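The numbering of the sequence shown is our numbering, which starts it at 35 and goes up by one.
Each residue gets a CB set at the ideal place from its N, CA and C atoms; glycine is no exception.
Keep in mind it's a predicted model, so treat the numbers as computed, not measured.
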Amino acid sequence: MDAEPNRAASTREQWEQQADRMLAAVRPYAAPGKGLIHLPGPESRSGRWSDGLEGFARTFLLAGFRLSAAEPGSDPNLERLAAWYAAGLETGADPDSTGRWPTLAEVGQAKVECASIALALHESRRWIWDTLSPRARVNLVTWMSGMLGTPVPDNNWVWFRAVTEAFLRSVGGPWSKDDIEYAQARTEDWYAGEGWYSDGEPAPGELRNFDYYNGWALHFYPLWYCRISGPDAEPGVLDRYRARLRRYLDDARHLVGADGAPLMQGRSLTYRFAMLAPFWAGAVFDATVLPPGQTRRLANSVLRYFVRSGAFDERGLLPIGWHGPFEAMREDYSGSGSPYWASKGFAGLVLPPDHPAWTAAEEPLPIERGDFTRTLRRAAWIVSGTKSDGVVRVAQHGADHSPTSRLVLDEPVYARHGYSTHAAPEYRAHYPLDSHIALIAPDGRASHRRPARPMYLGDGVAVSRHRVHWWRGQGPLPNYGRGAPGEAEFDLGPWLTTASAVHGPLEVRLARIDPWPEDPVPGHPHAPDAATAASSGPWRLRFGGWALAGRETLKPRYSSHCCWAMREHDALASTIAGLRGNLEPGWTGSRDSNPLGPNSLIPWLATAGDARVGEVYAVLVVLSGSVAGPTSVHGIMVEAHPDGSVSVSWPDRQQTNVPLRAPRYPVT
35 MDAEPNRAAS
45 TREQWEQQAD
55 RMLAAVRPYA
65 APGKGLIHLP
75 GPESRSGRWS
85 DGLEGFARTF
95 LLAGFRLSAA
105 EPGSDPNLER
115 LAAWYAAGLE
125 TGADPDSTGR
135 WPTLAEVGQA
145 KVECASIALA
155 LHESRRWIWD
165 TLSPRARVNL
175 VTWMSGMLGT
185 PVPDNNWVWF
195 RAVTEAFLRS
205 VGGPWSKDDI
215 EYAQARTEDW
225 YAGEGWYSDG
235 EPAPGELRNF
245 DYYNGWALHF
255 YPLWYCRISG
265 PDAEPGVLDR
275 YRARLRRYLD
285 DARHLVGADG
295 APLMQGRSLT
305 YRFAMLAPFW
315 AGAVFDATVL
325 PPGQTRRLAN
335 SVLRYFVRSG
345 AFDERGLLPI
355 GWHGPFEAMR
365 EDYSGSGSPY
375 WASKGFAGLV
385 LPPDHPAWTA
395 AEEPLPIERG
405 DFTRTLRRAA
415 WIVSGTKSDG
425 VVRVAQHGAD
435 HSPTSRLVLD
445 EPVYARHGYS
455 THAAPEYRAH
465 YPLDSHIALI
475 APDGRASHRR
485 PARPMYLGDG
495 VAVSRHRVHW
505 WRGQGPLPNY
515 GRGAPGEAEF
525 DLGPWLTTAS
535 AVHGPLEVRL
545 ARIDPWPEDP
555 VPGHPHAPDA
565 ATAASSGPWR
575 LRFGGWALAG
585 RETLKPRYSS
595 HCCWAMREHD
605 ALASTIAGLR
615 GNLEPGWTGS
625 RDSNPLGPNS
635 LIPWLATAGD
645 ARVGEVYAVL
655 VVLSGSVAGP
665 TSVHGIMVEA
675 HPDGSVSVSW
685 PDRQQTNVPL
695 RAPRYPVT
């Protein structure tokens, strides 16, 4: 690779050059003393001081990976890099400095950044820690010791404490056996099996929080804890964590498109190529089923995807967003330094240059080898990939990130029926539509899905159920349901059973309104006899298709039973077509609501009149570069049976049976 800014990496030398450009780009924004880096962009809820620490810590993590495999004295540029961050460490940890960091007691977010500093200090130990003055070491140990026994959220944060204390133990500082044992014990509680962790529990005993934190936190930190701890690590934990990562990576490698695009699902997507962290950890710890050439192919493809898509701005910085800036996807804990958790995507630099992950010939990804349909049972996902267009899709019926006992607003990154590498959820400040099934109340409000409860999961089939509810508020939805509103702010409706039957690029989505149950949601103040106008109906049933986004203006096309749109530059199309029930087409265009492009369009179908309780409705939804329009339904038949099951016949004459039965109480 030449010196052209932000050109994609493919060899180790090019990865090093990309890392060097990223590190050089942030230095002009350092405060005097270099301990705080105030990058341009919005402030997080923790404030500017915390964000400055975040800018330092997350880029220091990248510097730590960059220095790890190199010998001190081997490269003057690396000597300058180490000296720059050493100066920042001395300033930041000095309690008397005007450029100091907030303590962990002053700002809770500092606990996250403390773990990055600890990890980076370990990786750059020969370059930085071993050369620091005694006073600087004492100050760092004192600052980091605020972790001991400090309260942390009961999720991946437990490992920020454990990783920090592993480093403190390695340098003779204070540490807490109880803190480390707690992290390990809670990780066992959150292990759902088959390589998947829930990032905490939305309610005791419920494992539903599935997203990228599974890989870039709950697999990554336990293994790096073992790396920092060395012989001090507890017997057996390394082997346990390695085995689980191997199993997870066998699934995770199927969640990357042929162009390197990762699946767009879950929070903190602005971390972008941080999703490479577990893949690199697999290579570092001999904990992967991927051949070295496939690890290399996947990592190169993902980084190249983001670089070519404009993830770095004209200053060489990573703004909040996915491709370019897209502030709508920002969570309130994210500030201008947050995107630099992407530094985890460079963890492979700790491997020596002659490691096979850097030298082996690239091998194709699963999506490049052929079509696949894969059932991820713990997340209740059906994953389908098609080689012809390189698209990966997920039918989502279980990773809800909300307790089953509490009604909440639908969140774009969790509550949709479908997620993909080539389509993003709409960040719309009103009611859900894309890849969503809703009852439309007489006043026009769309119902919400969360919490969805998985009912059945089989080969190519997933079924879930949820209690329909409508938010009573007006205007923009508050924070997409995290923490507000309360349950009394919803109108309560019937159960809605929905299902996905997947066959190659084709997905049949089914819905049935079930009779009003005898009991309301536990603890909900609205009993059936107190039904509001919205909850008593009548309603229209609406199926939303995939949101298609791009730079060009997208034009809808439609027939009597179908609506679709196609991008000109790559022929990717979103299609929705009716298969069962009296459904009529429509479409909704939007501007600046999708991270994949400024223009987006969502095709949809809705009942022409009132939806009927007990009736099975069916549509075909397709996101494909080769299948589009009304002809996509040819050869597909849907038949509902008296026992509550539904059979779907496909164009190749294969058949899928869907158990759309309606027990009184949803069960997993």
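Per DSSP, the beta-bridge partners of residue 620 are 638.
Cβ contact annotation for residue 421 (same chain, cutoff 6 Å, sequence separation greater than five): 404 and 405, in chain order. If you look at residue 263, you'll find it isn't in any beta strand (DSSP E); it sits in the alpha helix (DSSP H) that goes 254-263.
Sorting 688, 672 and 137 by C-alpha distance to the C-alpha of residue 178 places 137 at the top. Assignment of residue 359 by DSSP, reduced to helix, strand and coil, places it in the strand class. Between the C-alpha atoms of residue 543 and residue 211 there is a straight-line separation of about 50 Å. Comparing alpha-carbon positions, the option among 188, 316 and 200 lying closest to residue 265 turns out to be 200.
Between residue 441 and the set 432, 524, 476 and 497, the nearest pair of CA atoms involves 524. Taking the C-beta atoms as reference points, residue 606 is found no nearer than 8 Å to residue 630.
Rounded to whole angstroms, the Cβ separation of residue 672 and residue 661 is 18 Å, and the two are not in contact under 8 Å. Going by beta carbons, residue 253 and residue 281 fall outside the 8 Å limit. Ranked by Cα distance from residue 467, the first of 481, 390 and 499 is 481. Taking the Cα positions, residue 590 is about 10 Å away from residue 608.
Taking 8 Å as the cut-off, the Cβ atoms of residue 674 and residue 576 do not count as close. CA-to-CA, the gap between residue 121 and residue 250 works out to about 29 Å.
Take residue 385, set aside five residues on each side of it, and the residues of its chain with a beta-carbon closer than 7 Å to its own are 103, 317, 318, 391 and 392, in chain order. In the DSSP assignment, residue 407 falls within the beta strand (DSSP E) that extends over 406-410. By the criterion of at least three beta-carbon pairs nearer than 8 Å, the region 527-535 is not in contact with the region 619-637. According to the DSSP secondary-structure assignment, residue 453 is paired through a beta bridge with 428. Secondary structure note for residue 689: its beta strand (DSSP E) is the uninterrupted segment 689-693. Sixteen is the threshold: since fewer than 16 other Cβ atoms of the shown chains lie within 10 Å of the Cβ of residue 587, the residue is exposed. In its own chain, leaving out the 5 sequence neighbours on each side, no residue places its CB closer than 7 Å to the CB of residue 105.
A check of alpha carbon separations from residue 174 across 53, 302, 111 and 129 identifies 129 as the nearest.
Distance from the CA of residue 98 to the CA of residue 238, rounded to the nearest whole angstrom, comes to 37 Å.
Classified as buried, residue 456 has 16 or more neighbouring CB atoms from the shown chains inside 10 Å of its CB.
Residue pairing by DSSP leaves residue 185 without any beta bridge partner. Between residue 396 and residue 412, the alpha-carbon positions lie close to 30 Å from each other. Secondary structure at residue 88: helix, using DSSP grouped into helix, strand and coil. Rounded to the nearest whole angstrom, the C-alpha separation of residue 81 and residue 140 is 12 Å. Short of 6 Å from the beta carbon of residue 669, and not among the five residues preceding or following it, lie these beta carbons of its own chain, in chain order: 685.
DSSP places residue 214 in the helix class (H, G or I) of the three-state scheme.
Rounded to whole angstroms, residue 172 and residue 90 show a C-alpha spacing of 20 Å.
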